Amino acid sequence: MADDRTAALRARRDRLLGPAYRLFYDEPLHVVRGEGVWLHGADGERYLDAYNNVASVGHCHPHVVAALARQAAVLNTHTRYLSEGVLDYAERLLTTFPPEIGHVMFTCTGSEANDLALRVARAVTGGTGVIVTDWAYHGVTVALAEMSPSLGSAVRVGDHVRLVAAPDAYRGDADVGAAFGARVTAAIEDMRQAGIVPAALLVDTIFSSDGVFADPPGFLAPAAAAMRAAGGLVIADEVQPGFGRTGGMWGFARHGFVPDMVTMGKPMGDGHPIAGMAARPEVLAEFGRRTRY
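Numbering (my numbering), first residue to last: 1 to 293.
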């Protein structure tokens, strides 16, 4: 039973933040501190954080805290000025990718990173069509909400978006790669019948919001090949699987192909607002020629 303090806090939250935010659990957890894998509640209890949405190296990791404090005391600016720090980090980050991925652009959130990747895909291909999975979540911008069916029926899937079932070895896909590739191919053909030019296949490489489908390694390659054959690009959404959460550094690495773009979210900064989009240089060349960011 929630105590009076929790009830009062919940009422205050509703009054100030409105109804669109959701809470976990019928009796919401009031957290006051995080440390490593633990969340400390106002009730004095310590809770194992098995959800761990964005704290990729644990809550309040001392190295992360020190880095934040160090940079906050030196400089906080943007990319219109020359600065060594952003270049040092870009160099280190790019060493974790295959050599085909040669540029990185920085954002604050995974939603922004995916939105940027979509802008690039549309500029490069001239298309608008995007394929995502049935329960995908890729962000909260207007563009991304239209291709995030997991947000619910109140958010309309865009006319230029096609949904395909996630690759699921548990429920009937004997050859997961071939089956998923066939679904992507069919979605591309459906786009063409509607006069929509394909721009991108956008996938979370572990399909976390669809239920987590990681195996067998290599199953994403046929779908990626189908999209490229149609003139579109492949965007690997690594917000959830990236930065070592699947054992390797990037989820796509298990599947034997190199995406055209890779998006990253707040796990990049252990939950703090830094994110990014890495890409093949030839992809960004056309985007940079047309516009700026």
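C-beta atoms are modelled at their ideal positions from N, C-alpha and C, and glycine is treated no differently.
Remember, predicted model here, so these are calculated numbers, not experimental data.
C-alpha of Ala67 to C-alpha of Ile196: approximately 46 Å in a straight line. If you look at Tyr89, you'll find it in the alpha helix (DSSP H) that goes 84-94. Around the CB of Leu201, 16 or more other CB atoms lie within 10 Å, so the residue is classed as buried.
Under the three-state reduction of DSSP output, Arg192 falls in the helix class. Comparing alpha-carbon positions, the option among Gly288, Pro267, Ala279 lying closest to Thr109 turns out to be Pro267. For the pair Leu151 and Thr185, the Cα-to-Cα distance works out to about 25 Å. Assigned with DSSP and collapsed to three states, Leu75 falls in coil, not helix or strand. Segment contact: the region 46-53 against the region 70-89, fewer than three CB-CB distances shorter than 8 Å; contact not assigned. In the DSSP annotation of this structure, the continuous segment of the alpha helix (DSSP H) that includes Phe287 starts and ends at 281-290. Collapsing the DSSP output to three states places Asp237 in a strand. Checking the DSSP bridge columns, you'll see Gly276 partnered with Phe106, Met264. Taking C-beta atoms as the reference points, Val164 and Pro216 fail to come closer than 8 Å.
Scanning Val130, Thr6, Cys60, Ala136 for the CA closest to the CA of Gln240 turns up Ala136.
Cβ-Cβ distances below 6 Å link Ala169 to Val176 in the same chain, with the five nearest sequence neighbours on each side left out; the list follows chain order.
The alpha helix (DSSP H) runs of length 4 or more contained entirely in the region 108-159 are, from start to end of the chain, 110-125, 142-145. Residue pairing from DSSP places Glu35 in a beta bridge opposite Trp38.
In this structure, the straight-line span from the alpha carbon of His63 to that of Thr96 is close to 20 Å. Per DSSP, Arg22 lies in no beta strand (DSSP E) segment and is marked neither H nor E. Contact check for Ala236 and Val120: beta-carbon distance about 13 Å, past the 8 Å limit, so the pair fails to qualify. DSSP, reduced to helix, strand and coil, places Asp210 within a helical segment of the structure shown. Take Ala178, set aside five residues on each side of it, and the residues of its chain with a beta-carbon closer than 7 Å to its own are Pro222, in chain order. Arg162 is bridged by DSSP to Ile131.
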